[in-house]
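Student: Please see the structure below; I have some questions.
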Amino acid sequence: MMDKERRASIFCKNGVNYVLPFILVTSCFALWGFANDITHPMVKAFSKIFRMSVTDGALIQVAFYGGYFVMAFPAALFIRKYSYKAGILLGLGLYAIGAFLFYPAMLIGNYYPFLFAYFILTCGLSFLETSSNPYILSMGPEETATRRLNLAQAFNPIGSLLGMYVAMNFIQNRLNPMSTVERGQLSDIEFEAVKDADLQVLVTPYLAIGVVILVIFVLFGALKMPKAGEEGDSFKVLLTLKRIFSVPHYREGVVAQFFYVGAQIMCWTFIIQYGTHLFMSQGAGEQEAEVLSQRYNIVAMVLFCVSRFICTFALRYISPGLLLRTLAVAGAFLAIGVISFQSVFGLYCLVGISACMSLMFPTIYGIALSGLGEDAKFGAAGLIMAILGGSVLPPFQARIIDLGTFLGMPAVNASFILPLLCFVVVAVYGHRTCHRMRH
Numbered sequence: 002m003m004d005k006e007r008r009a010s011i012f013c014k015n016g017v018n019y020v021l022p023f024i025l026v027t028s029c030f031a032l033w034g035f036a037n038d039i040t041h042p043m044v045k046a047f048s049k050i051f052r053m054s055v056t057d058g059a060l061i062q063v064a065f066y067g068g069y070f071v072m073a074f075p076a077a078l079f080i081r082k083y084s085y086k087a088g089i090l091l092g093l094g095l096y097a098i099g100a101f102l103f104y105p106a107m108l109i110g111n112y113y114p115f116l117f118a119y120f121i122l123t124c125g126l127s128f129l130e131t132s133s134n135p136y137i138l139s140m141g142p143e144e145t146a147t148r149r150l151n152l153a154q155a156f157n158p159i160g161s162l163l164g165m166y167v168a169m170n171f172i173q174n175r176l177n178p179m180s181t182v183e184r185g186q187l188s189d190i191e192f193e194a195v196k197d198a199d200l201q202v203l204v205t206p207y208l209a210i211g212v213v214i215l216v217i218f219v220l221f222g223a224l225k226m227p228k229a230g231e232e233g234d235s236f237k238v239l240l241t242l243k244r245i246f247s248v249p250h251y252r253e254g255v256v257a258q259f260f261y262v263g264a265q266i267m268c269w270t271f272i273i274q275y276g277t278h279l280f281m282s283q284g285a286g287e288q289e290a291e292v293l294s295q296r297y298n299i300v301a302m303v304l305f306c307v308s309r310f311i312c313t314f315a316l317r318y319i320s321p322g323l324l325l326r327t328l329a330v331a332g333a334f335l336a337i338g339v340i341s342f343q344s345v346f347g348l349y350c351l352v353g354i355s356a357c358m359s360l361m362f363p364t365i366y367g368i369a370l371s372g373l374g375e376d377a378k379f380g381a382a383g384l385i386m387a388i389l390g391g392s393v394l395p396p397f398q399a400r401i402i403d404l405g406t407f408l409g410m411p412a413v414n415a416s417f418i419l420p421l422l423c424f425v426v427v428a429v430y431g432h433r434t435c436h437r438m439r440h
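Oh and the sequence shown: position 358 is 359 in the numbering used here, straight run, nothing missing.
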């Protein structure tokens with residue numbers, strides 16, 4: 002009886018039951034998971050289609066996570082003035098528009114319109130995340146907020162797995178099997194024909210998800226959602242910023258989130274390059290190596306998903322700070338294995354990192370916003386802006402990979418020094434959180 006009451010209390014606040022709103026908003030977590038993980042393999046795909054370097058292909062991540070950065074604070078101001086529901090609806094609308102922009106980008110046949118489409122799409126994701134995360138935190142007692150957010154975030158990998166599956170089976174497997182070298186030897190007319198055919202393959206899943214998002218937009222708009230303590234009052238931005246950034250665990254949380262997201266995007270984006278280099282060195286063809294690498298990426302996401310549920314359960318018995326520190330230290334050791342092993346064991350270590358990353362984002366988020374009260378609505382924007390780490394850091398790793406060799410080893414191995422450093426930063430934040438809790 003007590004267990005049932007405890008579970009119910011997670012979603013009850015001031016006599017209001019938030020179970021149904023929790024389920025509805027949690028469904029949005031899968032939507033940005035899909036967008037994120039259909040995008041990571043596109044760095045390699047666009048590099049091949051347009052005959053570009055890895056560094057140029059990584060501009061996709063710059064545009065993708067740049068949208069999060071640019072729109073985070075406008076999204077926070079919008080939901081403060083209106084509501085979480087309005088923020089989610091605007092986010093869904095921009096998401097759909099960005100997906101549909103892939104069609105004119107395909108007709109133009111140039112790389113840069115695709116970057117614009119990604120930017121608009123992720124402006125929508127920024128609204129979705131800025132609205133959904135603090136909304137989930139508000140759907141019950143503050144002492145269970147981190148557990149509630151971790152539970153919601155546990156469903157994010159379902160969308161991620163679907164995104165990876167679609168990328169592998171409906172894009173990577175259907176692109177022209179010509180290798181990068183063979184494409185470089187094509188005449189201009191032959192290259193344009195192959196490029197146009199590949200772009201048609203690539204665009205189709207984005208148009209399909211745009212239709213799905215429109216349907217969800219209509220359904221969400223028709224549902225009545227509780228206010229969850231929202232206020233439309235005016236407030237002074239600079240004073241609010243000064244107040245929240247004066248809180249050490251929030252300020253440090255923004256920094257930790259920047260490096261965590263950078264590590265996550267680097268590990269999930271460049272697993273394709275890492276695996277392709279490994280399998281081609283063992284005699285596989287380029288497309289075969291890419292598809293096989295994506296299968297390992299899917300295994301990594303399954304591990305990420307399973308680990309999220311396990312770690313969410315573990316939070317009932319250990320503190321968020323201790324869990325965060327433990328996961329970050331384990332991730333750092335596995336990153337050393339990724340760098341050191343020039344065999345399939347390095348790829349196993351890279352897959353294993355996903356288990357360590359599973360609960361970092363929501364745990365940092367929950368720790369950083371704890372005790373901020375109404376300021377959590379605006380503070381959430383700073384944490385979403387920290388997703389900029391996924392835009393800033395991957396191009397540096399791509400530049401290292403483009404070198405071919407670095408520090409006397411394959412550059413793709415050496416490039417994982419960057420995620421290693423990121424995990425060290427996250428481990429320090431977890432350690433400092435533990436120290437603060439003891440004192």
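For each residue, glycine too, the CB sits at the ideal point set by N, CA and C. Just so it is clear, the structure is predicted and the values come from calculations on it, not from any experiment.
Which one of 100, 269 and 114 has the shortest CA to CA distance from residue 158?
Tutor: By one-based count along the sequence shown, residue 158 stands at place 157. Nearest C-alpha to residue 158: 269.
Student: Helix, strand or coil for residue 233, going by three-state DSSP, please let me know.
Tutor: Locating residue 233 in the sequence shown gives position 232, where the first residue counts as 1. Summary for residue 233: the model assigns pLDDT 48, below 50, so the residue's position carries little reliability, and this model does not support an answer.
Student: If you draw a straight line from the C-alpha of residue 219 to the C-alpha of residue 342, how long is it?
Tutor: By one-based count along the sequence shown, residue 219 stands at place 218. By one-based count along the sequence shown, residue 342 stands at place 341. Distance between the alpha carbons of residue 219 and residue 342 is about 50 Å.
Student: What does the Cβ neighbour count give for residue 369, buried or exposed, with the cut at 16 atoms within 10 Å?
Tutor: Counting from 1 along the sequence shown, the entry for residue 369 is found at position 368. Per the 10 Å Cβ criterion, buried.
Student: DSSP has residue 407 in a bridge; who is on the other side?
Tutor: Mapped onto the sequence shown, residue 407 falls at position 406. 410, per the DSSP bridge assignment.
Student: Within 10 angstroms of its Cβ, does residue 239 collect 16 or more other Cβ (buried), or is it exposed?
Tutor: Residue 239 sits at position 238 when you count from the first residue of the sequence shown. When all chains shown are included, residue 239 counts as exposed.
Student: Any contact between the segment 356-375 and the segment 132-139? By contact I mean 3 or more CB pairs, one from each, below 8 Å.
Tutor: yes
Student: Between residue 100 and the rest of its own chain, which residues show a CB-CB distance below 8 Å, the 5 nearest in sequence each way excluded?
Tutor: Residue numbering aside, residue 100 sits at position 99 when the sequence shown is read from its first letter. Excluding positions up to five away in sequence, the list reads 118, 122, 207, 208, 210, 211 and 214.
Student: Cutting at 7 Å between CB atoms, please list the residues of its own chain near residue 328, excluding the five before and the five after it.
Tutor: Position 327 of the sequence shown holds residue 328. If we look at residue 328 and ignore the five residues flanking it on each side, its Cβ neighbours are 357, 360 and 361.
Student: Report the CB separation of residue 391 from residue 66 in whole angstroms; it is logged as a contact under 8 Å.
Tutor: Along the sequence shown, one-based indexing puts residue 391 at 390. Along the sequence shown, one-based indexing puts residue 66 at 65. Correct: roughly 4 Å between the Cβ atoms.
Student: Suppose you measure from the CA of residue 38 to the CA of residue 319; what does that come to, to the nearest Å?
Tutor: Reading the sequence shown from its first residue, position 37 is the one you call residue 38. Reading the sequence shown from its first residue, position 318 is the one you call residue 319. If I take the Cα positions, the gap works out to 30 Å.
Student: Between the C-alpha atoms of residue 428 and residue 422, what's the straight-line distance to the nearest angstrom?
Tutor: Counting from one through the sequence shown, the residue named residue 428 turns up at place 427. Counting from one through the sequence shown, the residue named residue 422 turns up at place 421. Their backbone Cα atoms lie some 10 Å apart in a straight line.
Student: Nearest CA to the CA of residue 91: which residue from 186, 75 and 201?
Tutor: Translated into positions along the sequence shown, residue 91 becomes position 90. Closest option to residue 91, Cα to Cα, is 75.
Student: Do you know whose CA, among 34, 285, 196 and 150, lies nearest residue 53's CA?
Tutor: The sequence position of residue 53 within the sequence shown is 52, counting from 1. Cα-wise, what sits closest to residue 53 is 196.
Student: Confirm the yes/no value for this check: CB of residue 102, any heavy atom of the ligand NAP, distance under 8 Å.
Tutor: The model on display carries no ligand, and the ligand NAP is accordingly not part of it.
Student: Could you give the distance in angstroms between the alpha-carbon of residue 245 and the alpha-carbon of residue 332?
Tutor: As a position in the sequence shown, residue 245 is number 244, starting the count at 1. As a position in the sequence shown, residue 332 is number 331, starting the count at 1. Their backbone Cα atoms lie some 29 Å apart in a straight line.
Student: What does residue 86 pair with, by DSSP beta-bridge criteria?
Tutor: Looking up residue 86 in the sequence shown gives position 85. Looking at the DSSP assignment, residue 86 forms no beta bridge with any residue, so it has no partner.
Student: Quick one: what's got a C-beta closer than 7 Å to residue 1's C-beta in the same chain, skipping five residues either side?
Tutor: Within the shown structure, residues of the chain are numbered from 2 to 440, placing residue 1 beyond reach of any answer.
Student: Whole angstroms is fine: what's the gap from residue 1's alpha carbon to residue 156's?
Tutor: The structure shown does not extend to residue 1, since the chain is modelled only from 2 to 440, so the question has no answer here.
Student: Would you call the segment 184-198 and the segment 383-397 in contact, with 3 or more CB pairs under 8 Å?
Tutor: no
Student: Kindly indicate which residue of 280, 20, 130 and 291 has the alpha-carbon position closest to the one of residue 32.
Tutor: By one-based count along the sequence shown, residue 32 stands at place 31. When each option's Cα is compared against that of residue 32, the closest is 130.
Student: If we require 4 or more residues per run, which alpha helix (DSSP H) segments fall completely within the segment 211-270?
Tutor: List check, alpha helix (DSSP H) in window: 238-246 and 249-270.
Student: Kindly indicate which three-state DSSP category residue 463 falls into: helix, strand or coil?
Tutor: No statement about residue 463 is possible, as the shown extent of the chain runs from 2 to 440 and does not include it.
Student: In or out: residue 182 buried (at least 16 other Cβ within 10 Å) or exposed?
Tutor: Numbered from 1 along the sequence shown, position 181 holds the residue referred to as residue 182. Its Cβ having fewer than 16 others within 10 Å, residue 182 is exposed.
Student: Residue range of the alpha helix (DSSP H) that residue 37 falls in?
Tutor: Looking up residue 37 in the sequence shown gives position 36. Where residue 37 is concerned, the enclosing alpha helix (DSSP H) stretches over 20-40.
Student: Quick one: is residue 151 buried, meaning 16 or more other Cβ sit within 10 Å of its Cβ, or exposed?
Tutor: For this step, residue 151 is matched to residue 150 along the sequence shown. Using a 10 angstroms sphere on the CB of residue 151, the tally of other CB atoms reaches 16 or more, which defines it as buried.
Student: Residue 177 lies in the alpha helix (DSSP H); which residues open and close that run?
Tutor: Translated into the one-based positions of the sequence shown, residue 177 becomes position 176. Counted as a single uninterrupted DSSP element, the stretch harbouring residue 177 is not any alpha helix (DSSP H), since DSSP gives it neither H nor E.
Student: Does the beta-carbon distance from residue 379 to residue 81 come in below 9 Å?
Tutor: The sequence position of residue 379 within the sequence shown is 378, counting from 1. The sequence position of residue 81 within the sequence shown is 80, counting from 1. Yes, these two residues count as a Cβ contact at 9 Å.
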